[in-house]
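> Encoded as C-alpha cells, here's the structure I'll be asking about.
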Amino acid sequence: MTKAAIIILAGTEGHENLGRLANGLEAAAEFAQNDEDDLELIFDGAGTQWIPELEDEDSDYHELYQSLKDDVAVCDYCSGAFGVEDAVDDAGLVTLDDHDGHPSIRSLVDDDYEVITF
Numbered sequence: 478m479t480k481a482a483i484i485i486l487a488g489t490e491g492h493e494n495l496g497r498l499a500n501g502l503e504a505a506a507e508f509a510q511n512d513e514d515d516l517e518l519i520f521d522g523a524g525t526q527w528i529p530e531l532e533d534e535d536s537d538y539h540e541l542y543q544s545l546k547d548d549v550a551v552c553d554y555c556s557g558a559f560g561v562e563d564a565v566d567d568a569g570l571v572t573l574d575d576h577d578g579h580p581s582i583r584s585l586v587d588d589d590y591e592v593i594t595f
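Under the numbering used here, the very last position in the sequence shown is 595; numbers go up by exactly one each time.
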C-alpha cells in the first residue's frame, strides 16, 4: 500500500500554474485508481484559489476533480486568506486546521505519507 499526500500550492495565475494543477490532478488520479493506495489531495496556499473554478462544470478539469473529490481537503486558513471560503463551504469540502489553521505536514510524514507538491 502506498500513502500519498498530493498538495496543490500553485495559484490560478499563469500557464505554468495551470500545468502544475493538471499534473497534480493526474498524479492524484493515478493513486486513486489503485484501491490499495491511500490518497490525500490537499489544496493549500494559493492552490485554494482553484476550488471555485474546479467546482464550475465548464472547467476543463471539473470531471477529473469530481472523480477525486472524496479525497480532497483544503487549508482552512488559506481558504480565508485567498477569499474562497464560501466556495469551499458550498462544495462541502473538508478543511484542515491541525497546525495553526493549516494542514500538518508533520502529521502526514508521521503517518508515513509521501508528500508530493505541485
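C-beta: ideal position from N, C-alpha, C; glycine also.
Could you spell out the range, first to last residue, of the alpha helix (DSSP H) harbouring Phe508?
It spans 492 to 509 - the alpha helix (DSSP H) in which Phe508 sits, taken as one unbroken run.
> Quick test of your reading: Ile519 and Ala499, contact by CB under 8 Å. State the CB separation rounded to the nearest angstrom.
Incorrect: roughly 17 Å between the Cβ atoms, too far for contact.
> Who does Ile593 pair with in a DSSP beta bridge?
Answer is Ile483, bridged to Ile593.
> Where does Val586 sit, in a helix, a strand or coil, going by DSSP?
Val586 falls in the helix class under three-state DSSP.
> Whose C-alpha, out of Asp563, Thr525, Asp537, is nearest the C-alpha of Gly488?
Nearest C-alpha to Gly488: Thr525.
> From Glu493, Ala505, Ile485, Asn494, pick the residue whose C-alpha is nearest to that of Leu545; which is it?
For Leu545, the nearest C-alpha among the options comes from Ala505.
> For Gly501, is the classification buried or exposed, using 16 other Cβ atoms within 10 angstroms of its Cβ as the cut-off for buried?
Flag for Gly501 reads buried.
> First and last residue of the alpha helix (DSSP H) that includes Ala558?
That run of the alpha helix (DSSP H) goes 553 to 558.
> What does the alpha-carbon distance come out to for the pair Gly522 and Ile528?
So the alpha carbons of these two residues sit roughly 12 Å apart.
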